[in-house]
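Asks: Residue numbers (the numbering used here): 9 to 405.
C-beta atoms are modelled at their ideal positions from N, C-alpha and C, and glycine is treated no differently.
Given the structure is predicted, the values throughout are model-derived calculations rather than measurements.
Let me begin by handing over the structure; questions about it come next.
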Amino acid sequence: MTAQPPPRHAIVIGSGLGGACAAAELRLHGWAVTLLHAPQAAAATDLPVGLMAPLVTAADTASSQLVRAGQAVTLDWAQRLLVAGRDWAPVGCRECNPPPPDAAPRPRRHKALPPPPAAGADWTQPVPQADALWHPRAAWLRPRALADALLRHAGVLPQSAAVAGLRQVGGLAAPSWQVLGRDGGVLAQAPVVLVAAGTASTKVLATANPDVAALVAAWKLARTPGQISWASGSSPPGLVHALNGHGHLIPNVPWPETLQPFGAPAPCLSAQAATFFGASYRHDDADDPPHPRAAEAHANRQRAMELCEAAGHPWQAPPAGELQHWAGSRCTSPDRLPRVGALGSHAPGLWALTGLGSRGLSLAPLAARCVATQLSEHTSPIEPALVIAWAAQRLSK
Ligand SMILES: Cc1cc2nc3c(=O)[nH]c(=O)nc-3n(C[C@H](O)[C@H](O)[C@H](O)COP(=O)(O)OP(=O)(O)OC[C@H]3O[C@@H](n4cnc5c(N)ncnc54)[C@H](O)[C@@H]3O)c2cc1C
9 MTAQPPPRHA
19 IVIGSGLGGA
29 CAAAELRLHG
39 WAVTLLHAPQ
49 AAAATDLPVG
59 LMAPLVTAAD
69 TASSQLVRAG
79 QAVTLDWAQR
89 LLVAGRDWAP
99 VGCRECNPPP
109 PDAAPRPRRH
119 KALPPPPAAG
129 ADWTQPVPQA
139 DALWHPRAAW
149 LRPRALADAL
159 LRHAGVLPQS
169 AAVAGLRQVG
179 GLAAPSWQVL
189 GRDGGVLAQA
199 PVVLVAAGTA
209 STKVLATANP
219 DVAALVAAWK
229 LARTPGQISW
239 ASGSSPPGLV
249 HALNGHGHLI
259 PNVPWPETLQ
269 PFGAPAPCLS
279 AQAATFFGAS
289 YRHDDADDPP
299 HPRAAEAHAN
309 RQRAMELCEA
319 AGHPWQAPPA
329 GELQHWAGSR
339 CTSPDRLPRV
349 GALGSHAPGL
359 WALTGLGSRG
369 LSLAPLAARC
379 VATQLSEHTS
389 PIEPALVIAW
399 AAQRLSK
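Structural data, given as structure tokens:
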């Protein structure tokens, strides 16, 4: 009898949605995984609830295709691991300012993906009203619930450790990476390291060597703070689905997070429900982690009421002072594409999954599956052109 080779070992840095999905996918592909995270670091994944809706662009860009393919993977995990109505709900979404009809989206084929969770033959079906698109497979989702469920499902236990640097050891014959703590000590060592540390990713990666530092600087990733707001016990009358346009709005989300069996969307608001809306964008780094601001609360409230008005569900939201808020930072890229894959010959065994921007719920599980299949030399779930579109070795224009 021949002995089984030992499992390949990877270290994943970051346990937000990107890192959690990657750690789980690698484990499910048979890898031994060490997952390190800095619990005191702010994580965008702590967003209380977010929206997943297709990104409709006239030319059906790589971003639109990746979002579409990604949502199928996220929805599949949500159906398998989460409690509908508590952790997520496929409520559908009405997009109020889609591209003009003469620039209709042209969905392309992609490789076979899990079947849709809800009825609906197409991704985007125009509704009878002018200037609107109906997305039957849009859903709200609590990102932390998905990250935790995936780690439990795959049997991965995160370890608390703030990573300060990376060091390549072992020479060309057996290259390996040491992950260093703040005191310079070695936290872990493995042939493969995946950095999925959100807004801290480039700082961690840049410590690997000068070539990697130059590459990640050329990505031009930015920290983009923002805020969502919510009104407990108040909802636009008659609205049972999400709205998207200039900002988004999600009605009837169970809040506080209590178990509430999912059925058909309730026509009236339950006692334990809230309407979430936002999110604001700021382009300054004034506070890290960001704190909720009154000006952004007012702006979120105003946009939410305009969105409801445009959708035919006029709503007088409670005053900004009566709303609740959560602030966090996205890791954004100028081309709105994340960076997913190997850093290349400059740093063999070093990988990245970052720059998920405002679409992490749609993109993280697909990106993680791509990383795991590439590392395991299995068939990619997406076409080569899409793998190249978000490749970590690609610079930003
Ligand atoms: C206001 C707001 C609204 C949003 N709304 C939506 C939405 O509606 N739909 C949507 O799809 N997306 C939305 N997003 C984006 C989404 O939340 C992110 O894309 C996603 O959560 C990013 O996940 P991540 O794993 O890349 O990063 P994060 O969740 O930020 O995780 C980073 C991880 O890295 C770890 N870390 C950091 N530094 C270190 C270090 N030195 N050592 C070790 N570990 C470290 C942290 O502990 C954390 O575990 C929103 C974001 C914000 C801020």
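Below 6 Å CB to CB, which residues in the same chain sit around Gln79 once its five sequence neighbours on both sides are set aside?
Replies: In the sequence shown, residue 79 corresponds to position 71, counting from 1. Around Gln79: Met60 and Ser370.
Asks: What residues in its chain sit with their C-beta under 7 Å from that of Ala318, if we drop five residues either side in the sequence?
Replies: Counting from 1 along the sequence shown, the entry for residue 318 is found at position 310. The answer, listed in chain order, is Cys104 and Gly253.
Asks: Using a 10 Å radius around the Cβ and a threshold of 16 neighbouring Cβ atoms, would you call Thr387 buried or exposed?
Replies: Taking the first residue of the sequence shown as position 1, residue 387 is located at position 379. Exposed: under 16 other Cβ atoms inside 10 Å.
Asks: Excluding the 5 residues preceding and the 5 following Cys276 in the sequence, name in chain order all residues of the same chain whose CB lies nearer than 8 Å to its CB.
Replies: Here residue 276 corresponds to residue number 268 of the sequence shown, with the count starting at 1. Note that Cys276 has pLDDT 40, beneath the 50 cutoff, so the model's placement of it is unreliable and the number below is only indicative. For Cys276, where only same-chain residues beyond five positions count, there are no Cβ hits under 8 Å.
Asks: Buried or exposed for Ala400, please, with buried defined as at least 16 other CB atoms from any protein chain shown within 10 angstroms of its CB.
Replies: Reading the sequence shown from its first residue, position 392 is the one you call residue 400. The residue is buried, with at least 16 neighbouring Cβ atoms inside 10 Å.
Asks: So, at 7 Å on beta carbons, what are the nonlocal neighbours of Glu304 in its own chain, with the 5 sequence-adjacent residues on each side left out?
Replies: Taking the first residue of the sequence shown as 1, we reach residue 304 at position 296. Answer for Glu304: Gln235 and Ser288, listed in chain order.
Asks: Report yes if the C-beta of Gln6 is less than 7 Å from at least one heavy atom of ligand 1; otherwise report no.
Replies: In the structure displayed, the chain extends from 9 to 405; residue 6 sits before or after that span and is not available.
Asks: What residues in its chain sit with their C-beta under 6 Å from that of His17, if we drop five residues either side in the sequence?
Replies: Counted from its first residue, the sequence shown places residue 17 at position 9. Only Ala40 and Ala198 meet the Cβ criterion.
Asks: For Val171, is the beta carbon positioned less than 7 Å from some heavy atom of ligand 1?
Replies: Indexing the sequence shown from 1 puts residue 171 at position 163. For ligand 1, at least one heavy atom lies less than 7 Å from the Cβ of Val171.
Asks: By alpha-carbon positions, which one of Cys29, Gly58 and His45 ends up nearest to Phe284?
Replies: Here residue 284 refers to the residue found at position 276 of the sequence shown. The shortest C-alpha separation from Phe284 is found at Gly58.
Asks: Please confirm whether any heavy atom of ligand 1 lies closer than 7 Å to the CB of Val212.
Replies: As a working mapping, residue 212 is identified with position 204 in the sequence shown. Yes; taking the cut-off as 7 Å, the Cβ of Val212 has a heavy atom of ligand 1 nearer than that.
Asks: Bridge partners of His256, per DSSP?
Replies: Looking up residue 256 in the sequence shown gives position 248. BP columns for His256 point to Asn252 and Gly286.
Asks: Give the straight-line distance between the Cα atoms of Val81 and Leu165, rounded to the nearest whole angstrom.
Replies: By 1-based counting over the sequence shown, the position of residue 81 is 73. By 1-based counting over the sequence shown, the position of residue 165 is 157. Cα to Cα, Val81 sits roughly 23 Å from Leu165.
Asks: With DSSP as the reference, please indicate the residues paired to Ser237 in a beta bridge.
Replies: Your numbering for residue 237 matches position 229 in the sequence shown. DSSP, once it has assigned bridges, lists Phe285 and His333 as partnering Ser237.
Asks: Grab me the residues of Ser72's own chain with a C-beta within less than 6 Å of its C-beta, minus the 5 sequence neighbours each way, in chain order.
Replies: Sequence index remark: in the sequence shown, residue 72 carries index 64 (1-based). Closer than 6 Å at the Cβ level, and outside the excluded window around Ser72, lie Leu63 and Thr65.
Asks: Taking C-alpha atoms, which residue in Ala31, Ser366, His354 and Leu383 lies nearest to Leu180?
Replies: Sequence index remark: in the sequence shown, residue 180 carries index 172 (1-based). Out of Ala31, Ser366, His354 and Leu383, His354 has the C-alpha closest to the C-alpha of Leu180.
Asks: Could you tell me which residues DSSP pairs with Gln407 in its beta bridges?
Replies: There is no way to answer for residue 407, as the model of the chain reaches only from 9 to 405.
Asks: Alpha carbons only, please: which of Leu74, Val75 and Gly100 is nearest the one belonging to Asn260?
Replies: Numbered from its first residue, the sequence shown carries residue 260 at position 252. Per the Cα distances, Gly100.
Asks: Kindly indicate which residue of Ala360, Pro327, Pro245 and Leu351 has the alpha-carbon position closest to the one of Cys339.
Replies: As a working mapping, residue 339 is identified with position 331 in the sequence shown. Out of Ala360, Pro327, Pro245 and Leu351, Ala360 has the C-alpha closest to the C-alpha of Cys339.
Asks: Given Thr381, which residues of its chain have a CB within under 7 Å of its CB, disregarding the five upstream and five downstream residues?
Replies: The count along the sequence shown starts at 1 and reaches residue 381 at position 373. Around Thr381: Thr387, Ser388 and Pro389.
Asks: Could you say which of Leu188, Ile21, Ala70 and Leu213 lies nearest to Ala49 if we only look at CA atoms?
Replies: Taking the sequence shown and counting its residues from 1, one reaches residue 49 at position 41. Comparing Cα-Cα distances from Ala49 to each of Leu188, Ile21, Ala70 and Leu213, the minimum goes to Ile21.
Asks: Closer than 7 Å by C-beta to Leu331: which residues in its own chain qualify, once you throw out the five before and the five after it? Chain order, please.
Replies: If you number the sequence shown from 1, residue 331 lands on position 323. Same-chain partners within the cutoff: Ser237, Trp238, Ala239, Ala305 and Arg309.
Asks: For Gln197, write down the residues that DSSP places opposite it in a beta bridge.
Replies: Within the sequence shown, numbered from 1, the residue matching residue 197 stands at position 189. In the DSSP output, where bridge partners are listed per residue, Gln197 has Gln186.
Asks: Regarding Gly415 and ligand 1, is the C-beta to nearest heavy atom distance less than 7 Å?
Replies: The question about residue 415 has no answer, for the chain in this structure spans 9 to 405.
Asks: Who are the near neighbours of His161 in its chain, counting only those whose CB is closer than 7 Å to its CB and skipping five residues on each side?
Replies: To locate residue 161, count along the sequence shown from 1; it is residue 153. Here the set comprises Ala32 and Leu89.
Asks: Mapping DSSP to helix, strand and coil, what is His161?
Replies: If you number the sequence shown from 1, residue 161 lands on position 153. Here His161 sits in helix by DSSP.
Asks: Going by other Cβ atoms of all chains shown within 10 Å of its Cβ, with 16 needed for buried, is Arg367 buried or exposed?
Replies: Mapped onto the sequence shown, residue 367 falls at position 359. Flag for Arg367 reads buried.
Asks: Any chance the region 200-218 sits against the region 320-330, with 3 or more Cβ pairs inside 8 Å?
Replies: No, because fewer than three Cβ pairs between the region 200-218 and the region 320-330 fall closer than 8 Å, the two stretches do not touch.
Asks: Buried or exposed: Val171, going by 16 or more other Cβ atoms within 10 Å of its Cβ?
Replies: For this step, residue 171 is matched to residue 163 along the sequence shown. Label assigned to Val171: buried.
Asks: Just how far apart, CA to CA, sit Leu247 and Gly93?
Replies: Start at 1 with the first residue of the sequence shown, and residue 247 comes out as number 239. Start at 1 with the first residue of the sequence shown, and residue 93 comes out as number 85. Each residue's alpha carbon lies about 16 Å from the other.
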